[in-house]
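Residue numbers (this note's numbering): 319 to 1185.
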């Protein structure tokens, strides 16, 4: 078990966070991601530059007998579409890299010769990346697969899988020679391939921008990102107080033309840091992950990794800055590779054993084991240090035996070694802030059950006349390495038990991430097996592999329910103010309902207040409310409208973020289905509190912060004056055509951190013609009655009336469209005139009727509140 030494580490506001006892499961659950890609652009300028590889390398490459012996890494290239001359140039670049880096694991490149966008010479990046693989020093860092395999000294992906994917344009005027004498107007292919392979080997990362904010584009930083610093030498990943993720401060650094790359090897060897390309306009694929073009122009020996390659420019070496930086990111390293210790319920000696393989020279006696009993605390982080001894006859292997009398219970430990240059290596590694992590092994009886993280993705079946299913994906993990023994889905139909379904361990891929410890099962309900009114109840039961077979259920008590609902009759339009007590029967939902919370005047659709954080294996939760009557979509797109008043107090994304991006967090959305809810499509993009300035101000007005997790939640309670009108049209392209029958769903999505009050929806109108224009004046024999402004946005309305008969006072009554009285008040009459202000700021957007009663005279005016 790999665990944290101190507290909870927050690597990114929206990342699953490891706790002090579950780091290994945490690492496994997000172990791999898709690799990022960079783009190399052509410059039209002829540089007439020729910087060759160092002479010793050239001599070895030019000598057929020495060429193969010179290689310290083995690259295997799969070529697609390459001509023979292009392949020869590509291989020359590969062979240069093969003499510059060291790896015992073959590095596989998938190279494609194809048409790319104009001006693009090539693009490349790691095919996949790893978090928390064996031997890495950046415990929460993302490593390109080739580098992760070098550090681990073994294959981590499938043996025939590529490690680097590279694409090169077949439409470029290439120079295919190996001598670097590139003519004007041609681009040196060896140079561009060297450049792109450099990205695939680790000159790449995950910083990105949205609007005027910046963050990682994945949950964690790349190993490259750990070495990016500002002008004062502060590492961005470690100084999140100065440069919070999702902030404008971080954005200004990424676009301030003042960022640098720095590490201990660079400082010791070349005694300078490298300036990064950070132009004022962030360019994805170019910014940050190149050296600065102005600082390292053509002819500079460090210019290979600049963002552009000019015509007649040949750079056949990465240069000393990049090569020494590659040592910093662990292409030259000491790999500490412990043999995992299995938990046991028996009392036994613990034999700690590790391999320590160094690319340099280890300091004699520097291999150390640090251990302690029980987890460290805020006041006690002391470890006992011992020196493992070399195992006779087994190269690079060290062992230490801890007697059973000490080993019983919880033992937390880590390893350390130093090389001759003074670099210190640990296993496991450290967090961006420098917090040392530790392994954990347990001996003695196991009385702790597994944990289950699950939240229903499906809450009802609509139209049992169609085949449907219940799919369960749950994160299930145990605190000991023996793991989960078995997991079952137990379910009943109308209280009658059905045969249990075994949940199978699997990996689940979503959003480019691989989720481990996911258990999967599916129950299929053939057409007409169920009928409306049936209820399927179920729970998840998991047992560990301990002798006691410790058991846990989800939910802890009770069951989950899957209701079987018959769809209601298809309608051409639907309208409701939710005042009727029977309107709830038109809907079915999960964590939504029709209610009148304190401070509201009449019923409406309300989510839970506050709504809950995401809780499934991806730390996500969806609350939903479905209209059971399908809508027959009108053929005229202008008539297929949906209108309602709403309040949205859900966690806002970062400033400038867009729906679907990594830094767009909780949201609400309206969706449609043409197959009775088996699949859904969006009718408009999701949105959050940032959609309206009043909502955003309200969300941020009152907050509370959890001192343990650091999670900040909004505590603002919604109020009627926050209602805003939303109107949009059902898109009659793609999924829907005129005449189709579409079900409508309101959904609130929540991730795992930060929440607010939620969502409220009132005065729903679907394909209902808009109200007639509102006249601002009613005038006749009894006098005139004006309301202005009309429509009104802030709720403050001026009453201007002229009567034909004098009365001492008049009375104003405000009712809604159903005739319900919402406000009554007296107003002064000055002679025959009335001029008063009416405060309706607490009323939601919508259509109202304002009645003026003056003696026997009654004047009525329509008022539209549009927020």
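Glycine is no exception: its CB is placed at the ideal position from the N, C-alpha and C atoms.
Selection from the options that minimises the alpha carbon distance to residue i
{"i": "residue 1004", "options": "1034, 995, 1046 and 994", "result": "1046"}
{"i": "residue 714", "options": "679, 693 and 721", "result": "679"}
{"i": "residue 840", "options": "861, 833, 808 and 834", "result": "808"}
{"i": "residue 824", "options": "795, 989, 847 and 812", "result": "795"}
{"i": "residue 429", "options": "466, 482, 477 and 751", "result": "482"}
{"i": "residue 615", "options": "374, 874, 735 and 366", "result": "366"}
{"i": "residue 527", "options": "994, 1034 and 574", "result": "574"}
{"i": "residue 932", "options": "914, 968, 961 and 402", "result": "968"}
{"i": "residue 618", "options": "601, 639 and 606", "result": "639"}
{"i": "residue 379", "options": "407, 400, 356 and 403", "result": "407"}
{"i": "residue 904", "options": "1107, 1012, 923 and 914", "result": "923"}
{"i": "residue 437", "options": "699, 666, 1112 and 360", "result": "360"}
{"i": "residue 970", "options": "1037, 803 and 1014", "result": "1014"}
{"i": "residue 712", "options": "725, 1087, 851 and 674", "result": "674"}
{"i": "residue 812", "options": "374, 819 and 880", "result": "880"}
{"i": "residue 1159", "options": "1147, 1105, 1037 and 1173", "result": "1037"}
{"i": "residue 509", "options": "779, 659, 369 and 558", "result": "369"}
{"i": "residue 475", "options": "447, 495 and 459", "result": "447"}
Cβ-Cβ separation, residue j to residue i (assumed contact under 8 Å), whole Å
{"i": "residue 468", "j": "residue 421", "result": "4 Å"}
{"i": "residue 1101", "j": "residue 1134", "result": "Residue 1101 to residue 1134, Cβ: 25 Å. No contact."}
{"i": "residue 1161", "j": "residue 1119", "result": "Rounded, the Cβ-Cβ distance is 21 Å, inconsistent with contact."}
{"i": "residue 884", "j": "residue 910", "result": "That pair is no contact at about 20 Å."}
{"i": "residue 746", "j": "residue 555", "result": "Wrong, their Cβ atoms sit about 17 Å apart, outside the cutoff."}
{"i": "residue 709", "j": "residue 668", "result": "Rounded, the Cβ-Cβ distance is 16 Å, inconsistent with contact."}
{"i": "residue 685", "j": "residue 732", "result": "So it is not a contact: roughly 12 Å between Cβ atoms."}
Range covered by the beta strand (DSSP E) that runs through residue i
{"i": "residue 1225", "result": "What is shown of the chain runs 319 to 1185, which leaves residue 1225 out entirely."}
{"i": "residue 1045", "result": "1042 to 1047"}
{"i": "residue 1077", "result": "1076 to 1084"}
{"i": "residue 370", "result": "No beta strand (DSSP E) holds residue 370; DSSP gives it neither H nor E."}
{"i": "residue 860", "result": "853 to 862"}
{"i": "residue 663", "result": "Per DSSP, residue 663 belongs to no beta strand (DSSP E) and is neither H nor E."}
{"i": "residue 786", "result": "786 to 795"}
{"i": "residue 631", "result": "626 to 633"}
{"i": "residue 826", "result": "822 to 828"}
{"i": "residue 533", "result": "531 to 534"}
{"i": "residue 550", "result": "Per DSSP, residue 550 belongs to no beta strand (DSSP E) and is neither H nor E."}
{"i": "residue 655", "result": "652 to 656"}
{"i": "residue 355", "result": "Premise fails: residue 355 is in no beta strand (DSSP E) and is neither H nor E."}
Residue i - containing alpha helix (DSSP H), residue span
{"i": "residue 584", "result": "582 to 587"}
{"i": "residue 681", "result": "Taken as a continuous stretch (DSSP letters only), residue 681 belongs to no alpha helix (DSSP H), as it is neither H nor E."}
{"i": "residue 569", "result": "566 to 572"}
{"i": "residue 640", "result": "637 to 644"}
{"i": "residue 376", "result": "373 to 380"}
{"i": "residue 724", "result": "722 to 725"}
{"i": "residue 557", "result": "From DSSP, residue 557 is part of no alpha helix (DSSP H); its letter is neither H nor E."}
{"i": "residue 1017", "result": "1011 to 1019"}
Beta-carbon proximity check, residue i vs residue j, cutoff 9 Å
{"i": "residue 415", "j": "residue 503", "result": "no"}
{"i": "residue 793", "j": "residue 833", "result": "yes"}
{"i": "residue 461", "j": "residue 546", "result": "no"}
{"i": "residue 1167", "j": "residue 1179", "result": "yes"}
{"i": "residue 464", "j": "residue 451", "result": "no"}
{"i": "residue 964", "j": "residue 1077", "result": "yes"}
{"i": "residue 764", "j": "residue 652", "result": "no"}
{"i": "residue 950", "j": "residue 877", "result": "no"}
{"i": "residue 484", "j": "residue 433", "result": "no"}
{"i": "residue 431", "j": "residue 486", "result": "yes"}
{"i": "residue 1132", "j": "residue 1139", "result": "yes"}
{"i": "residue 490", "j": "residue 411", "result": "no"}
{"i": "residue 706", "j": "residue 742", "result": "no"}
{"i": "residue 845", "j": "residue 805", "result": "no"}
{"i": "residue 882", "j": "residue 782", "result": "yes"}
{"i": "residue 718", "j": "residue 790", "result": "no"}
Residue i CB to nearest heavy atom of the ligand ATP below 8 Å
{"i": "residue 863", "result": "Ligands displayed in this structure: none; no statement on the ligand ATP is therefore possible."}
Neighbour flag for residue i against chain C, beta carbons, 9 Å
{"i": "residue 536", "result": "Among the chains in the structure shown there is no chain C, since it carries only a single protein chain."}
May I have a chain-ordered list of the beta strand (DSSP E) segments no shorter than 3 residues that lie completely inside the stretch 1095 to 1167?
-> 1095 to 1098, 1101 to 1106, 1114 to 1121, 1127 to 1134, 1139 to 1146 and 1151 to 1157
Let me know the alpha helix (DSSP H) ranges lying completely inside the stretch 416 to 493, each 4 residues or longer, listed in chain order.
-> 463 to 470
Let me know the beta strand (DSSP E) ranges lying completely inside the stretch 714 to 778, each 3 residues or longer, listed in chain order.
-> 715 to 720, 727 to 736, 742 to 745, 755 to 761 and 769 to 771
Could I get the ranges of all uninterrupted alpha helix (DSSP H) runs contained in the stretch 907 to 986, with 4 residues as the minimum, in chain order?
-> none
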